[in-house]
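What follows is a single structure, written as structure tokens, with notes after it.
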Amino acid sequence: MIRSYCSKCKHESAGDSCDTCGRRATAASLRDVWTVSALPLADGRIWLSVLGALIAVVALMLALVFGLEALLSGNLKTAQLWAGPLPTYIFSVVPLGLMAAFLFLLWQGREMVVFILDKSGAHLQTWHEPSLIKSWARLQSADHTRDIPQPDGSVLHLAQERHMLWADVQSVRYSPGKGVIRLYHTPHCAPMVLRMPEGEYENAAAFVGKYCKNK
């Protein structure tokens with residue numbers, strides 16, 4: 124949703140005009156803000172990342188253990204070691220890791236992700252209900268100074284903030300069919316992913332395009 128700030132009335136309004144004095148906002152005072160509710164446990168991207176990391180760990184362990192054994196003791200000893208229980212123990216890292224990931228993601232619960240586009244860049248905030256378990260499951264300390272009262276009277280914990288300045292964006296990838304815009308600081312690697320519900324894509328794409336022309 125496009126929002127604007129009126130310096131005269133000291134008031135933020137929905138849309139590009141002040142709903143108090145009616146004055147049209149300057150481009151610099153416009154923001155695009157939207158919220159996405161997310162459940163990490165149901166996020167397939169997270170599971171693919173976890174599975175990829177576990178497979179990499181297993182491959183590294185196999186290479187180190189059996190590579191060193193072959194180097195130091197020869198192929199016969201390596202074959203004997205492979206016939207033993209050690210490979211089973213190493214491969215068990217995958218199911219055990221997936222079980223641990225399931226518990227951590229389950230404890231994280233539901234979160235709310237707020238996206239903000241303004242004249243300086245793109246900003247992402249992740250919020251969840253204040254909870255020691257929810258914070259620890261995200262490998263974070265439960266810092267109560269980040270428990271912020273909300274306008275509706277509830278309290279939410281600010282778990283994460285991420286910022287990317289427009290000047291640092293090297294390339295942009297638009298995926299309107301998926302409701303996603305990817306902002307790359309380094310081309311093709313580790314983008315900031317802007318996810319949006321239906322109806323928000325057009326405003327967000329126009330806002331990004333304004334500051335990221337020819338990227």
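Sequential numbering from 124 applies to the sequence shown in my numbering. A virtual CB, placed ideally from N, CA and C, is assigned to each residue, including glycine.
For the candidate residues Tyr297, Cys335, Met315, whose alpha-carbon lies nearest to that of tyrosine 324? Tyr297
Buried or exposed: which applies to leucine 221, given that a residue is buried once 16 or more other Cβ atoms fall within 10 Å of its Cβ? exposed
Let me make sure I understand the geometry here. Which of Lys338, Lys301, Cys335 has the alpha-carbon closest to that of glutamate 321? When each option's Cα is compared against that of glutamate 321, the closest is Lys301.
Locate the alpha helix (DSSP H) running through serine 258, then write down its first and last residues. 255 to 260
Could you check if glutamine 203 is buried or exposed, using at least 16 other CB atoms within 10 Å of its CB as the buried criterion? exposed
Specify, as a first and last residue, the run of the beta strand (DSSP E) that methionine 345 falls within. Not covered by the structure: residue 345. The range shown for the chain is 124 to 338.
Under 9 Å between the Cβ atoms of glycine 232 and histidine 251? yes
Between Gly175, Leu195, Ala260, which has its C-alpha nearest leucine 226's C-alpha? Ala260
Taking all protein chains shown into account, do 16 or more other C-beta atoms lie within 10 angstroms of the C-beta of alanine 327, making it buried, or fewer, making it exposed? buried
Could you compute how far the alpha carbon of serine 215 sits from the alpha carbon of glycine 197? 26 Å
What are the boundary residues of the alpha helix (DSSP H) that proline 272 is part of? Not the alpha helix (DSSP H): proline 272 falls in the beta strand (DSSP E), residues 270 to 272.
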